[in-house]
Amino acid sequence: MFPILLLLLLAYVPQMVPSASAIAVNKIPDEGILQEMKASLNQQQGVLAAWNATTKFCHWPGVSSSLKHKDRVTVLNLTSQGLSGTITPSIGNLTFLRILDLSSNKLQGEIPVSVGQLPRLQHLNLSNILLQGEITTQIELDSNFFMGEIPAWLGGLPLKAIHLRKNNFTGVIPESPCNLSSLQEINFARNKLEGTIPEGLGGLMLCLMFVDLGENHFSGIIPKTFFNISTLIHFRVTNNELHGMLPSDLGVHLPNLNVPPEIAKLCPDFLSFDTNQLTATTVQEWKFVTFLTNCTRLRIFDVQDNMLRAMLPSSVSNLSAQLQILYVGYNEISGKIKPSTIPSGISNLVGLTQLQLSNNRFTGLVPGSIGMLTSLQALGFQGNQLTGLLPSSLGNLTQLLKLYTENNLFEGHIPTSLGSLQDITMATFNNNKFTGPLPIHLFNLSSLSVLLNLAYNNFVGPLPPEVGSLTKLAYLYIAGNNLVGSLPDAISNCQSLIDLRLDTNSFNSSIPASISKMKGLAILTLDNNALSGVIPQELGLMDGLKEFYLSHNNLSGSITESFENMTLLDKLDLSFNHLDGKVPLHGVFSNVTRFLFDGNLALCGGIPELHLPPCLQNSMEHRKRKLVPILKVIVPIAGILFCFSLVLIFISLKKKQKAQSTSLAEFCMMDERYPRVSYDELLQGTNGFNPNNLIGKGRYGSVYKCSLPLKNMITTVAVKVFDLQQSGSSKSFISECEALNKIRHRNLISIITCCSSCDSTQNDFKALVFEFMPNGSLHRWLHLDEHTSQQWHGLTLTQRLNIAVDVADALEYLHNSCEPPIVHCDLKPSNILLDQDLVAHVGDFGLAKILPNPASEQQVDSNSTMGIRGTIGYVAPEYGEGGQISTCGDVYSFGIVLLELFTGLTPTEDMFRDGLTLQKHAENVFPGMLMNIIDPILVSDEEGHACTSQGVKNAMGDINKVMLSITKLALSCSKHAPTERINMRDAAAEMHRIRDTIVYDN
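According to my numbering, the stretch in the sequence shown is residues 549 to 1550, in order.
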């Protein structure tokens, strides 16, 4: 199970709790820092002589400042000025510095550590500065944004350590560092370096102890010279493209290396098989853990992100009491015969500082004995199927810094004992079933400085004023609960907040103007509440705000013009409120892609691209203002009377459709902001339902492109006209109305209005009007059009990943955030629509089923449905066997869509016969031959975008990595038995992880 080649990993385990690094605090003006630097350098004449008070420092030779921040130094270039002396440590306080060049001088002493902490530094040149004195110098430039090649001049510095981790360096490693005979540490991990590893680095045999070249694009073999460095303690080359075999006498010549040569004899200080394809399908295949129980020195054990299944053996509790880090996350740990629970004996590992059990399939309760691990600093069991209450013993973990519990099935109150975690910096409780009021004891934890996530639970009551105690917190998420009442002014005390999300609750007050005091806030979401009143003008003072969401509230009045002054504001969503008056012209309002305003029918003016009516002036405007309050009363009443009249007409004409008519009336009256539309308007807008305007055809009707006069302008919409001669069509119309009445999500199709009347021949006519999706359905992007034999341009890897994430989020919302839950029942590419930005929207709820409640999901009788719910190839097998409707059916369909999205094959291809299905086709090539089934259009597109052969190689590596993770997830979703499938919450979380690994880590 563990071939010797896996020892190539030699992985250094990344810490869940990073060590804090000192960050310079700029208490001295930049001019003062330059004066300190002048004093530390020995040059009375020349360039420094001009550094005096007669001119502003931004005009001094070698100094440049920012146009926007004229009192901040951005460039310091003193190359070849004959300087001597030392570099002052206060240079690290020039926090706006982008370019630092002190090359070709005669400086003494050391390079200050503070140089590596300059947050905006993009170019550094310290070559040929002839540093003298004791050789204790090191370069630490981790986690910056340096790009280009590693400069060769580093080899001219008397360095003991070179740390360039987590930058954007490209090219090959220069040969010059191979000459540094005193070099002890090399860390080039997480860059974009390529080529072979220089043999010369392995020649540094006198004192080289630490080498980390992981997460790059190195190829070839590991130079043999590395296997003879007797001083080497740590050697890591994970996630590259290396090949070859390790020498059989590896352990003989590397006595200090923390990894031994054979798995059966492993007794190391740490052992890591992080991010591989290791498998274990039975308890017996976990036997390697038993071997490790005799390793009394074991401090780190990491098998995360593999394919380890079956139950976590109880022998893990017998590992060394010296064990500090245990990572088993991102596997498929579960029990086939009995549920896989967290071993209670894990409390024996009293030396643990980090325990990660996340993203598996652990079930049952968290053992109370976990509170005995009092040295824990990081604890993660998110992304499992854990139930019940969180144990109060967690309060005993007083050294805990990070706690992750999200994406489970926890319920009840969050224990008050967690108020004892006085050192905790981040905690996540989102996407569970916690109830009761918000946990004030967490708000009183002054140590919370990174993240507190309470979103998407069942918390009730108000947002308490104690939230203002979170003065150090950067990210606060409380969206998706059942909170009511007003937003407290005390929230403005949270001056460190960067991201505040309070959307999808029932807050029903006005927006407090005190929020404007939160100057550091970049994202604020207040949408999907019941907020009323006018938008405070003071909010325009939040000049750091980048995204602001206020849609789907009851806000009134005009749009404050102060928003024009918010120079960083990139997204403003005011849609579906009761706003009126003039739309401003500047700032965020000058770009139609950054400003959303749909559903505010009384707006006027704005830039021409908005197509709003001109604003009335003088007396006309005065009369309009007087008329608006009257209309706000009359229009809703008229709408209600109109819909009620429809109900009476339907009752008198068709008594057997009484229930359906009532549902329709409820839908029509659900929101007074929806405009009404007549049959004649639809007839005219589609040019008599002309076939040229036909954009889709389904089981119960046809979809047309239509032009309608909405909000005083002609708007392109999509109209779904139901074929009432088709059996089940009327029921489908009502089902879709009922479902759409209950949902609201960015990845679900947005309904504009409905029409239920008679056509020109007095026959019943039913239609739904949706937002138009200019990029059509996903099916059209993946397959040839059967009528035109044409296919739309192929989708890139990133686009496919984003679409998959969008669909997963939509289903996760339907299953877990709707009350009661909704099962779509007909997920397939033709029901996934793409807007102008290729954002996916799930549509067609004609077969959707609203479950009675989450607890009774499995009690839904499928016999009451319209035959098999779904489409052949995508429908879950239990539906064809008379099984109950459940969210598991949607998960199955999602798995099929995933396979189709990345293989380009439909589940009904001619090749799938005699028992062969799309899933089995994927299983047959999993995991080693997945590139044989990848969509060739995807491969062609990615190769076309790459400019070099190495670029092509990197692109193919990304595709292969994605195919492995996607196929693994798709097969987990599409298992035959519903109980064996992953749930949608976990599937969505995994889909986000796959996408983020490729899109954001590259």
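Yeah, the Cβ is synthetic: ideal placement off N, Cα and C, and Gly gets one too.
Taking all protein chains in view, the Cβ of R845 is surrounded by fewer than 16 other Cβ atoms within 10 Å, so the residue is classified as exposed.
For P985, the enclosing beta strand (DSSP E) has its first and last residue at 981–985. With respect to the 8 Å criterion, G1016 and P1036 are classified as neighbours on the basis of their beta carbons. According to DSSP, H989 shares a beta bridge with no other residue. Three or more pairs of CB atoms, one per stretch, sit closer than 8 Å, so the stretch 1112–1124 contacts the stretch 1089–1101.
Between the beta-carbon of L986 and that of L1011 there is about 7 Å, and that keeps the pair under the 8 Å contact cut. Here S1304 is bridged, per DSSP, to K1314. The alpha-carbon separation between Y1227 and C1303 amounts to approximately 7 Å.
Per DSSP, the beta-bridge partners of Y875 are D850, Q904. Under the DSSP assignment, N1001 falls in the beta strand (DSSP E) whose first and last residues are 999–1001. Going by DSSP, T1419 is part of no alpha helix (DSSP H) at all; its letter is neither H nor E. Here the stretch 1424–1433 makes no contact with the stretch 1380–1387; the two share fewer than three CB pairs at distances below 8 Å.
In this structure, DSSP gives E833 a helical state, which the three-state scheme calls helix. Within the model, the alpha-carbon separation for C1163 versus L1127 is close to 14 Å. With fewer than 16 neighbouring CB atoms inside 10 Å of its own CB, H1524 falls in the exposed class. For L749, the uninterrupted alpha helix (DSSP H) segment begins and ends at 747–750. Taking all protein chains in view, the Cβ of V898 is surrounded by fewer than 16 other Cβ atoms within 10 Å, so the residue is classified as exposed. In the structure shown, Y1023 adopts extended strand secondary structure according to DSSP, grouped into three states.
Looking at the DSSP output, P1257 sits in a beta bridge with I1262. Listed as beta-bridge partners of A1070 by DSSP are no residues whatsoever. Put simply, the backbone Cα of V759 is about 17 Å away from that of F717. The Cβ atoms of S923 and Q947 sit closer than 8 Å to each other.
Setting aside the 5 residues that flank it on each side, Q1310 has no residue in the same chain whose C-beta is closer than 6 Å to its C-beta. The C-beta distance from L1395 to C1373 rounds to 4 Å, short enough to meet the 8 Å contact threshold.
When secondary structure is reduced to three states using DSSP, N944 falls in the helix class. Of the candidates T1451, K1516, V1510, K1279, the residue whose Cα lies closest to the Cα of I1485 is T1451. Close CB contacts of N764 within its chain, under the 6 Å cut and outside five residues either way in sequence, are with N739, L741, N788 (chain order). In chain order, E880, I881, S882, S888, N932, Q933 place their CB closer than 7 Å to the CB of R909, counting only its own chain and leaving out the 5 sequence neighbours on each side.
About 5 Å separates the Cβ atoms of R857 and T829, confirming a contact at the 8 Å cut-off. For I1351, the uninterrupted alpha helix (DSSP H) run begins and ends at 1345–1364, by DSSP.
Comparing C-alpha distances from S1441 to each of M1504, N1480, L1512, I1530 shows the shortest one belongs to I1530. In this chain, I1481 is not harboured by any beta strand (DSSP E), its DSSP state being neither H nor E. Taking S906 as the centre and dropping the five residues before and after it, the same chain places the C-beta of G877, Y878, G928, F929, Q930, G931, N932, Y952 closer than 8 Å to its C-beta, in chain order.
For C1152, the secondary structure class from DSSP, reduced to helix, strand or coil, is strand.
Taking a contact as a CB-CB distance under 8 Å, the pair V1136 and F1143 counts as one, their CB atoms being some 5 Å apart.
Between the C-alpha atoms of G936 and R1049 there is a straight-line separation of about 27 Å.
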